[in-house]
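Notes for the one structure printed next.
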Amino acid sequence: MGQTWDWQIFLRDDGGGRTYLEWMMSAWGWTLSVAVLALVVALVVGSLVGILRTVPHKGLAFFGEAWTELFRNIPLLVQVFLWYHVIPGIFLSLRNVPSFILVVFALGFFTSARVSEQVKAGIQALPKGQRYAGLAMGLTLPQTYRYVLLPMAFRIVIPPLTSESMNIIKNSAVAFAVSVAELTMFAMQAQEETSRGVEVYLAVTGLYFVSAFVINRIALFIEHKVQIPGTLGAGR
Amino acid sequence: MKKTLLALVAVLAVGVAHADTLKKIKDSGSITLGARESSGALAYTLGDGKYVGFHTEMSQRIAADLQKQLGLPKLDVKFQVVTSQNRVPLVQNGTVDLECGSTTNNATRQKDVSFAVTTYMEEVRIAVKANSGINSIKDLTGKTVATTTGTTSVQTLRKHERANNVDFKEVFGKDHADSFLLLESGRADAFVMDGQILAGNISKAKNPADFKIVGEVLSIEPIACMLRKDDPAFKKAVDDSIKGMIKSGELAKLYDKWFMQPIPPSNTKVGLPLSQATKDAWANPNDRPMEDFAKK
Chain D
46 MGQTWDWQIF LRDDGGGRTY LEWMMSAWGW TLSVAVLALV VALVVGSLVG
96 ILRTVPHKGL AFFGEAWTEL FRNIPLLVQV FLWYHVIPGI FLSLRNVPSF
146 ILVVFALGFF TSARVSEQVK AGIQALPKGQ RYAGLAMGLT LPQTYRYVLL
196 PMAFRIVIPP LTSESMNIIK NSAVAFAVSV AELTMFAMQA QEETSRGVEV
246 YLAVTGLYFV SAFVINRIAL FIEHKVQIPG TLGAGR
Chain V
157 MKKTLLALVA VLAVGVAHAD TLKKIKDSGS ITLGARESSG ALAYTLGDGK
207 YVGFHTEMSQ RIAADLQKQL GLPKLDVKFQ VVTSQNRVPL VQNGTVDLEC
257 GSTTNNATRQ KDVSFAVTTY MEEVRIAVKA NSGINSIKDL TGKTVATTTG
307 TTSVQTLRKH ERANNVDFKE VFGKDHADSF LLLESGRADA FVMDGQILAG
357 NISKAKNPAD FKIVGEVLSI EPIACMLRKD DPAFKKAVDD SIKGMIKSGE
407 LAKLYDKWFM QPIPPSNTKV GLPLSQATKD AWANPNDRPM EDFAKK
């Protein structure tokens with residue numbers, strides 16, 4: 046293309062009294078805030094729903110199934126719009142909830158369906174005998190889950206959960222659709238204002254990569270910390 | 157392998173070679189025009205590979221004039237869709253010969269490309285609900301203002317906020333339809349955007365009388381056709397064609413067709429009369445960048 050780099054644009058004033066670099070860092074902060082909070086929602090809700098889907102109680106199991114199917118059969122962007130435009134139109138009190146909170150729940154619940162699927166798979170991967178053994182020892186059902194099933198199941202599903210955690214960083218880009226000032230919005234806006242799209246997108250790409258990669262490393266660290274010698278995933 | 161390498165070198169050589177668009181058009185018997193999919197009445201698509209609008213039709217007339225000038229019996233006019241993100245590189249690397257959409261002529265872009273004479277002056281305005289009581293930018297204090305991500309209006313708004321100490325909350329739609337929905341649904345009290353986009357959205361609203369455009373012009377931006385840099389012969393040919401259309405009144409007729417008459421696909425009127433700024437630009441054709449029009 047014969048284009049020359051101009052990285053100086055990041056030091057230029059954006060017209061509002063801050064440089065593009067400062068703006069990009071603030072946008073990165075928004076991206077990480079959305080992603081991390083949504084991840085907390087996804088892991089907590091997803092684990093609970095996943096567990097519910099494996100209990101003997103028919104009603105609870107049905108609720109878990111319904112939750113999972115509801116949130117994984119609607120595209121993420123559509124869900125964000127439902128939370129932002131449709132639900133507040135029905136429940137007017139939700140109108141004053143900041144879009145940041147709405148998008149955290151939208152992204153968190155969307156991902157919770159995927160987490161629940163993995164948690165369920167993790168529990169079902171355990172031999173049936175473990176559940177019976179727990180119960181036969183006189184543990185209650187919650188105790189069987191707490192002390193026998195979940196410690197093993199969660200160790201098994203750490204690798205797929207790592208992928209979900211990284212996906213949440215990347216999926217947080219949808220937040221721009223409801224005016225959260227995160228990285229994707231910064232990229233679209235700054236490239237229009239500076240006409241230096243290549244530099245802006247390269248920088249933003251780098252930040253996304255770094256964020257997802259850090260999550261990946263943290264998850265790997267946890268995986269190694271909690272591994273039990275001689276079990277699945279502990280082969281290295 | 158050698159052949160691929162040779163082809164690669166040839167492609168690179170074309171990339172750096174001095175731009176001579178007229179020769180390229182003459183040799184290939186074709187011209188590629190940049191097309192926009194949703195730049196309001198200036199340039200938009202009807203789907204199915206049909207591109208229309210004030211600037212799109214103007215660029216077709218320019219192509220016809222070029223054909224006449226070059227004495228070509230037949231000129232193949234192709235359209236290539238461009239976006240805000242890729243329009244400058246596509247003109248630079250020769251994919252698109254002439255881009256007439258909604259590109260603002262500014263000093264930053266002039267480093268990379270050239271512009272024909274200004275054919276439309278965009279005015280950034282404020283749209284509000286008709287019963288909102290907002291009549292100027294000062295009334296926006298404490299209000300929520302919507303604008304669209306990836307537009308220069310965001311920057312304009314930021315500068316105004318800083319300069320006039322008007323404290324408002326900003327929300328950003330991901331596209332113009334989204335921003336208008338923010339205004340329509342009450343999530344925003346005002347929508348700040350290019351006048352023709354505001355007028356277009358209002359005309360397509362369920363009840364256009366519910367909205368109005370108010371207040372001062374927040375900024376003026378010259379919109380012009382973009383072409384490759386350092387190609388004076390091509391620029392002159394394009395400029396002459398446009399000047400001819402201004403003189404013959406053809407450009408005014410085109411403006412009337414796209415801004416004052418019902419247009420497809422919905423057959424509604426944008427209803428935005430020719431502004432004084434655009435009249436001035438036509439009376440005295442020039443390619444001055446936006447920075448020259450900055451207020452005081």
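If you read the sequences in order, they're chains D and V. Following the working numbering, the numbering of the first sequence begins with 46 at its first residue and continues without gaps. Following the working numbering, the numbering of the second sequence begins with 157 at its first residue and continues without gaps. Note that the Cβ used here is the ideal one computed from N, Cα and C, for glycine as well.
Closer than 8 Å to chain V by CB, residue i
i                : result
Phe136 (chain D) : no
Gln234 (chain D) : yes
Ser240 (chain D) : yes
Phe221 (chain D) : yes
Ala279 (chain D) : Low confidence applies here, because Ala279 (chain D) scores a pLDDT of 49, under 50, leaving its location unreliable and the question unanswered by this model.
Gly74 (chain D)  : no
Ser217 (chain D) : no
Met230 (chain D) : yes
His130 (chain D) : yes
Glu237 (chain D) : yes
Ser224 (chain D) : yes
One or two residues paired with residue i in a DSSP bridge
i                : result
Glu127 (chain V) : One cannot answer for residue 127 (chain V) here, as it falls past the ends of chain V, which runs 157 to 452.
Ser240 (chain D) : Its beta-bridge partners do not exist; DSSP assigns none.
Ala199 (chain V) : V:Ser195
Gln236 (chain V) : V:Gly190
Glu523 (chain V) : The question about residue 523 (chain V) has no answer, for chain V in this structure spans 157 to 452.
Met349 (chain V) : V:Arg281
Gly110 (chain D) : The residue you asked about is not Gly; residue 110 (chain D) is Glu in the sequence shown. Note: Glu110 (chain D) sits in no beta bridge, so no partner.
Ala302 (chain V) : V:Val327, V:Phe347
Within-8 Å CB hit, residue i to chain D
i                : result
Lys330 (chain V) : yes
Leu337 (chain V) : yes
Ser258 (chain V) : no
Ser240 (chain V) : yes
Lys360 (chain V) : no
Thr264 (chain V) : yes
Ser341 (chain V) : yes
Arg318 (chain V) : yes
Ala173 (chain V) : Per-residue confidence for Ala173 (chain V) stands at a pLDDT of 49, beneath the threshold of 50, marking its modelled position as unreliable; the derived number appears in the next sentence. Not closer than 8 Å to any Cβ of chain D, the Cβ of Ala173 (chain V) fails to qualify, so no.
Ala450 (chain V) : no
Arg314 (chain V) : yes
Gly250 (chain V) : no
Gln311 (chain V) : yes
Gly306 (chain V) : yes
Rounded C-alpha distance that separates residue i from residue j
i                : j                : result
Met277 (chain V) : Val149 (chain D) : 41 Å
Tyr246 (chain D) : Thr305 (chain V) : 15 Å
Gly371 (chain V) : Lys215 (chain D) : 40 Å
Leu246 (chain V) : Val238 (chain V) : 8 Å
Lys385 (chain V) : Ala72 (chain D)  : 34 Å
Gln352 (chain V) : Lys399 (chain V) : 23 Å
Asn291 (chain V) : Ser240 (chain V) : 31 Å
Ile260 (chain D) : Val249 (chain D) : 17 Å
Ala355 (chain V) : Leu374 (chain V) : 16 Å
Phe328 (chain V) : Thr303 (chain V) : 5 Å
Val233 (chain V) : Lys360 (chain V) : 31 Å
Pro441 (chain V) : Val273 (chain V) : 6 Å
Gly61 (chain D)  : Gln236 (chain D) : 16 Å
Gln169 (chain D) : Ile146 (chain D) : 34 Å
Ala439 (chain V) : Thr259 (chain V) : 21 Å
Phe336 (chain V) : Leu139 (chain D) : 20 Å
Ala175 (chain V) : Thr49 (chain D)  : 18 Å
Val172 (chain V) : Thr188 (chain V) : Residue confidence is low: Val172 (chain V) scores 47 on pLDDT, short of 50, so the model does not pin down where it sits. No coordinate-derived value is stated.
Ala181 (chain D) : Gln175 (chain D) : 10 Å
Ala333 (chain V) : Ala199 (chain V) : 16 Å
Met211 (chain D) : Phe258 (chain D) : 8 Å
Of the residues the options, the one placed nearest residue i, counting alpha carbons only
i                : options                                : result
Ser404 (chain V) : V:Arg217, V:Asn291, V:Val280, V:Thr264 : V:Arg217
Asp331 (chain V) : V:Glu372, V:Asp350, V:Val273, V:Pro445 : V:Asp350
Glu279 (chain V) : V:Val348, V:Ala302, V:Asp253           : V:Val348
Asn321 (chain V) : V:Gly298, V:Leu337, V:Lys182, V:Gly342 : V:Gly298
Ser208 (chain D) : D:Val160, D:Ser144, D:Leu66            : D:Val160
Thr251 (chain V) : V:Met382, V:Leu407, V:Asp345           : V:Met382
Ala218 (chain D) : D:Pro205, D:Ala232, D:Thr49            : D:Ala232
Val163 (chain D) : D:Pro101, D:Ile96, D:Leu186, D:Asn212  : It should be pointed out that residue 163 (chain D) corresponds to Gln in this sequence rather than to Val. Checking every option, the nearest Cα to that of Gln163 (chain D) belongs to D:Ile96.
Glu213 (chain V) : V:Thr308, V:Pro445, V:Ile419, V:Glu377 : V:Ile419
Arg98 (chain D)  : D:Thr113, D:Ala87, D:His130, D:Gly134  : D:Thr113
Ile379 (chain V) : V:Ser341, V:Glu317, V:His211           : V:His211
Met446 (chain V) : V:Gln236, V:Ile376, V:Lys425, V:Asp323 : V:Ile376
Heavy atom of the ligand FAD within 7 Å of residue i beta-carbon
i                : result
Asp436 (chain V) : Looking at this structure, you won't find the ligand FAD or any other ligand, since it has none at all.
Stretch-stretch touch, CB-based, cutoff 8 Å, three pairs: the segment 293 to 313 of chain V with the segment 408 to 423 of chain V: no
Does the contact criterion of 3 or more C-beta pairs under 8 Å hold for the segment 217 to 228 of chain D versus the segment 192 to 207 of chain D? no
Is the segment 117 to 130 of chain D close to the segment 142 to 158 of chain D, with three or more CB pairs under 8 Å? yes
Under 9 Å (Cβ pairs) to chain B, residues found in the segment 56 to 80 of chain D: Note that chain B does not occur in the displayed structure, where the protein chains are D and V.
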